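Everything on this sheet refers to the single structure shown next.
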Amino acid sequence: MIKNRWVFDDEYEADILHRHDELQSLSRLLAPTEHGQRAEDILIHGPSGVGKTASARYILRDLRQRFGLEWSLLECSGKTRNGIIYDAVTRHSKAAVVHRNDPREKLLEALEAATDGRPYVLVLDEADVIPDLDVLGDLFSISAVSVIAITHADNEWLNRVDRNVRPHFRGESQVEFRKYHVPELVDILEPRVERGLIGRPVDVDQLERIADETGGVARWAIKSVLAAAELADERGHDYFQECDVRDSFDRAMRMIRRDNLRSLPVPYLRLYELVRKIGPVNGGDMKRAYLEHQEEIFEGRGRDPVSWRRAWDYLSKLEDYDLIKASGSTNSKQYKTVDPELEAPVEFDPEENIGVSERPGTRG
Ligand SMILES: Nc1ncnc2c1ncn2[C@@H]1O[C@H](COP(=O)(O)OP(=O)(O)OP(=O)(O)O)[C@@H](O)[C@H]1O
Ligand SMILES: [Mg+2]
Numbered sequence: 000m001i002k003n004r005w006v007f008d009d010e011y012e013a014d015i016l017h018r019h020d021e022l023q024s025l026s027r028l029l030a031p032t033e034h035g036q037r038a039e040d041i042l043i044h045g046p047s048g049v050g051k052t053a054s055a056r057y058i059l060r061d062l063r064q065r066f067g068l069e070w071s072l073l074e075c076s077g078k079t080r081n082g083i084i085y086d087a088v089t090r091h092s093k094a095a096v097v098h099r100n101d102p103r104e105k106l107l108e109a110l111e112a113a114t115d116g117r118p119y120v121l122v123l124d125e126a127d128v129i130p131d132l133d134v135l136g137d138l139f140s141i142s143a144v145s146v147i148a149i150t151h152a153d154n155e156w157l158n159r160v161d162r163n164v165r166p167h168f169r170g171e172s173q174v175e176f177r178k179y180h181v182p183e184l185v186d187i188l189e190p191r192v193e194r195g196l197i198g199r200p201v202d203v204d205q206l207e208r209i210a211d212e213t214g215g216v217a218r219w220a221i222k223s224v225l226a227a228a229e230l231a232d233e234r235g236h237d238y239f240q241e242c243d244v245r246d247s248f249d250r251a252m253r254m255i256r257r258d259n260l261r262s263l264p265v266p267y268l269r270l271y272e273l274v275r276k277i278g279p280v281n282g283g284d285m286k287r288a289y290l291e292h293q294e295e296i297f298e299g300r301g302r303d304p305v306s307w308r309r310a311w312d313y314l315s316k317l318e319d320y321d322l323i324k325a326s327g328s329t330n331s332k333q334y335k336t337v338d339p340e341l342e343a344p345v346e347f348d349p350e351e352n353i354g355v356s357e358r359p360g361t362r363g
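Under numbering that gives the first Met the number 0, think of the first position of the sequence shown as 0, with each following residue one higher.
Here's what the structure looks like:
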């Protein structure tokens with residue numbers, strides 16, 4: 000039933016459908032590079048799985064093909080300031096040799112030399128999880144470098160950005176991605192069915208059901224088609240049956256959660272494990288547990304633990320990724336993992352360090 004699994008991956012180079020306005024805005028902001036000039040900076044924001052990264056890649060691939068534009072997509076998850084600059088240098092085609100532990104000035108000189116005044120667009124993907132946003136000032140010190148930052152929460156992110164840098168990402172520079180409507184999502188699924196599956200084991204009604212059930216989130220819809228195909232295979236069906244579609248959503252969500260978890264930096268994983276071990280837990284106890292374990296959560300990361308206020312942003316990132324659930328209002332939040340069976344790939348056992356008497360309660 001499955002001809003090509005790759006078609007269902009995030010990195011599959013699909014044509015981007017139904018993003019006319021968003022692609023138009025991106026094109027406009029990047030247009031100066033067609034004449035050898037620095038692009039405008041861009042802040043792409045919107046929920047998880049709706050085509051933010053895919054659209055940025057799509058438009059940049061096109062510009063590379065037509066005008067030889069130099070660009071790199073950097074996975075910033077948990078990277079240090081120097082780590083991001085190092086990646087920016089080494090991903091440039093004209094980079095001289097640099098070393099990870101070179102001083103910042105040397106890395107920036109190398110970046111300047113590599114670009115040599117020609118536009119270089121850096122996509123900072125998962126910008127929510129960049130620990131030190133002062134890196135933006137470093138990058139902007141090179142005249143030809145521009146940035147596309149991709150985030151889930153635009154306001155939270157902008158609040159963390161230095162006041163002097165904030166205007167780069169205001170107003171016209173922002174491109175919002177919303178969830179899809181059912182017919183749009185069906186169109187997005189069609190080419191995947193055609194290229195990824197053998198024959199046509201699914202009908203339009205079933206694709207509509209999938210598009211509807213997944214609430215306009217392309218990644219979930221695409222993975223649900225894959226999951227339904229796997230289930231149909233396992234059950235010996237030649238075509239998707241109602242039960243395959245029905246059971247596909249949970250299986251797809253599990254695939255996505257696992258991938259999401261793997262993409263996160265270590266402190267997020269440890270925080271996730273903390274919630275998994277002590278949840279469901281109310282906000283007050285969550286805060287106490289965090290403060291008690293913050294040193295271990297950030298151990299080996301070469302930086303101090305973040306404040307509870309920032310840890311709260313970490314928790315909302317885990318929530319955006321559907322890894323934890325935070326229910327209730329701000330003052331009476333309750334935290335728990337969505338799938339307590341799902342373990343983070345990290346060594347961290349908070350229980351070892353929580354005495355029975357001090358184990359946070361679960362009231363709330
Ligand atoms: N308009 C579209 N046309 C075709 N494919 C799409 C479209 N939108 C999203 N997709 C596909 O949906 C999947 C998820 O998209 P993408 O990885 O860009 O999401 P995202 O918004 O960056 O999510 P996250 O915030 O979790 O990183 C990818 O496989 C992508 O190719
Ligand atoms: Mg993305």
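Cβ coordinates follow ideal geometry from the N, Cα and C atoms, glycine included.
Model, not experiment: these values are computed from the prediction.
query: Suppose contacts are defined by Cβ-Cβ distances below 8 Å. Is residue 321 in contact with residue 252 by that definition?; result: yes
query: Would residue 145 be called buried (16 or more neighbouring beta carbons within 10 Å of its own) or exposed?; result: buried
query: Using only alpha-carbon positions, find the residue among 224, 205, 119, 336 that is nearest to residue 139.; result: 119
query: When the Cα atoms are used, what is the spatial distance from residue 340 to residue 128?; result: 24 Å
query: Suppose contacts are defined by Cβ-Cβ distances below 8 Å. Is residue 114 in contact with residue 141 by that definition?; result: yes
query: Identify, in the order they occur along the chain, each residue of the same chain with its Cβ nearer than 6 Å to the Cβ of residue 205, setting aside the five sequence neighbours on each side.; result: 239, 244
query: Can at least three beta-carbon pairs, one atom from the segment 19-28 and one from the segment 96-115, be found at a separation below 8 Å?; result: no
query: Go ahead and pull the three-state DSSP assignment for residue 12.; result: coil
query: Near residue 208, what residues of its chain come up, given a Cβ to Cβ distance below 7 Å and the 5 sequence neighbours on each side ignored?; result: 244
query: Have a look at residue 247 and residue 226 and give me their C-alpha separation to the nearest angstrom.; result: 5 Å
query: Give me whichever residues DSSP pairs with residue 281 in a beta bridge.; result: 333
query: Please tell me whether, using a cut-off of 7 Å, the distance from the CB of residue 51 to the nearest non-hydrogen atom of ligand 2 is below it.; result: yes
query: Here's a check: name, in chain order, each residue in its chain whose Cβ is nearer than 6 Å to the Cβ of residue 232, leaving out the five neighbours to either side.; result: 0
query: With hydrogens ignored, establish whether the beta-carbon of residue 153 is closer than 7 Å to any heavy atom of ligand 2.; result: no
query: Would you list, in sequence order, the uninterrupted alpha helix (DSSP H) runs of no fewer than 4 residues that lie entirely inside the segment 92-136?; result: 103-114
query: Using 8 Å as the threshold, is the C-beta distance between residue 274 and residue 323 below it?; result: yes
query: From this set, 329, 336, 237, which residue's C-alpha is nearest residue 268's C-alpha?; result: 336
query: In three-state terms, what does DSSP make of residue 36?; result: coil
query: Over what stretch of residues does the alpha helix (DSSP H) that includes residue 88 continue unbroken?; result: 80-89
query: Within the present structure, is the beta-carbon of residue 129 separated from the nearest heavy atom of ligand 4 by less than 7 Å?; result: Ligand 4 is absent from the structure shown, which contains only ligand 1 and ligand 2.
query: What do you reckon, are the CB atoms on residue 315 and residue 76 nearer than 8 Å?; result: no
query: Let me know the secondary structure DSSP gives residue 145 once reduced to three states.; result: strand
query: Helix, strand or coil for residue 310, going by three-state DSSP, please let me know.; result: helix
query: Compute the beta-carbon to beta-carbon distance between residue 210 and residue 230, rounded to the nearest angstrom, for a pair I have assumed lies under 8 Å.; result: Going by Cβ atoms, the distance from residue 210 to residue 230 rounds to 18 Å, so no, they are not a contact pair.
query: What does the alpha-carbon distance come out to for the pair residue 42 and residue 168?; result: 6 Å
query: Which residues in the same chain as residue 203 place their Cβ atom closer than 8 Å to its Cβ, once the five residues preceding and following it in sequence are excluded?; result: 185
query: Return the chain-ordered list of same chain residues with a C-beta closer than 6 Å to the C-beta of residue 81, the five sequence neighbours on each side being excluded.; result: 103
query: For the segment 86-101 against the segment 43-59, do three or more pairs of beta-carbon atoms, one drawn from each stretch, fall closer than 8 Å, so that the two count as touching?; result: no
query: So for residue 324, helix, strand or coil by DSSP?; result: strand
query: Consult DSSP for residue 213 and reduce its assignment to one of helix, strand or coil.; result: coil
query: Which same chain residues, not among the five before or five after residue 74, have their C-beta less than 7 Å away from its C-beta?; result: 124, 125
query: Which complete beta strand (DSSP E) runs does the segment 163-211 hold, if anything under 3 residues is left out?; result: 173-175
query: With a threshold of 7 Å on Cβ separation, who are the neighbours of residue 63 within its own chain once the five nearest residues in sequence on each side are excluded?; result: 70
query: What does the Cβ neighbour count give for residue 147, buried or exposed, with the cut at 16 atoms within 10 Å?; result: buried
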